[in-house]
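Heads up, the thing below is written out as structure tokens.
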Amino acid sequence: MDPPCSPPFFVGSVNGLICLFNRRRDTYIWNPTIKKSKKLLNSSWGTSRYTNYGFGYDDSRNDYKALFIDHCGNSCNGELSNLRVVVNIYSSRTNSWTTLHDQLQGIFLLNYSGKFINGKIYWAASTGIHD
Numbered sequence: 008m009d010p011p012c013s014p015p016f017f018v019g020s021v022n023g024l025i026c027l028f029n030r031r032r033d034t035y036i037w038n039p040t041i042k043k044s045k046k047l048l049n050s051s052w053g054t055s056r057y058t059n060y061g062f063g064y065d066d067s068r069n070d071y072k073a074l075f076i077d078h079c080g081n082s083c084n085g086e087l088s089n090l091r092v093v094v095n096i097y098s099s100r101t102n103s104w105t106t107l108h109d110q111l112q113g114i115f116l117l118n119y120s121g122k123f124i125n126g127k128i129y130w131a132a133s134t135g136i137h138d
């Protein structure tokens with residue numbers, strides 16, 4: 008049972024569905040049980056050197072969502088004030104992407120992949136970069 012992209016990078020898994028992407032940033036939701044996948048519409052995520060991501064299920068809206076968070080710009084002396092944060096959210100219910108700008112200003116997510124717990128995605132975060 009081969010994943011729909013190669014090499015696959017794991018975003019997250021919930022309810023038997025797996026979200027993956029490849030080096031070209033093609034993003035897929037894959038159901039390995041029935042051997043089917045869906046390639047998501049193109050998005051502008053992944054334009055930065057550091058991207059966080061997550062995949063989860065929104066029970067209140069009956070909607071699977073993929074999130075990609077790009078940190079754009081440079082940090083200076085451990086300060087994050089020069090970073091722009093762009094959040095791209097894919098909704099399976101609407102088959103579309105929403106882009107939010109600067110919603111996480113001054114916050115740097117420490118782990119690439121978020122953890123899906125009780126309907127929410129969580130990341131460890133910091134307000135500064137420390138060596």
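The numbering used here numbers the first residue of the sequence shown as 8 and each following residue consecutively. Backbone N, C-alpha and C fix where the C-beta goes; we use that ideal spot for every residue, glycine too.
Contact set for residue i: own chain, Cβ-Cβ below 8 Å, skip 5 residues either direction
i   : result
C12 : L27, F28, N29, D33, Y35
P14 : N29, R30
K46 : P11, D33, T34, Y35
Residue i burial status per 10 Å Cβ neighbour count (16 or more: buried)
i    : result
D9   : exposed
C83  : Confidence in C83 is poor, its pLDDT being 46 and thus under 50, which makes the residue's placement unreliable; the coordinate value appears in the next sentence. Exposed: under 16 other Cβ atoms inside 10 Å.
I76  : buried
N49  : exposed
N125 : exposed
Y57  : exposed
N59  : buried
Spatially closest choice to residue i from the options, by CA coordinates
i    : options              : result
H78  : F16, Y64, K43, S55   : S55
N95  : G126, A73, S20       : A73
V21  : W104, S50, W130, G63 : G63
R91  : V18, K127, L107      : L107
S103 : S51, F17, V18        : S51
G19  : K127, S133, A132     : K127
G61  : F17, A132, S133      : F17
Residue i at chain B interface by Cβ criterion, 7 Å
i   : result
S67 : Within the model displayed, chain B is absent; a lone protein chain is all it includes.
Sheet register partners of residue i (DSSP bridge)
i    : result
K46  : Y35
W104 : Y97
A131 : Per DSSP, none; premise fails for A131.
S120 : Y60
Own chain partners of residue i with C-beta closer than 6 Å, once the 5 adjacent residues on each side are dropped
i    : result
N38  : L24
K122 : Y129
Neighbourhood of residue i by C-beta distance below 7 Å, restricted to the same chain and skipping five residues each side
i   : result
D7  : What the structure shows of the chain is the stretch from 8 to 138, and residue 7 is not part of that stretch, so it cannot be assessed.
T40 : G23
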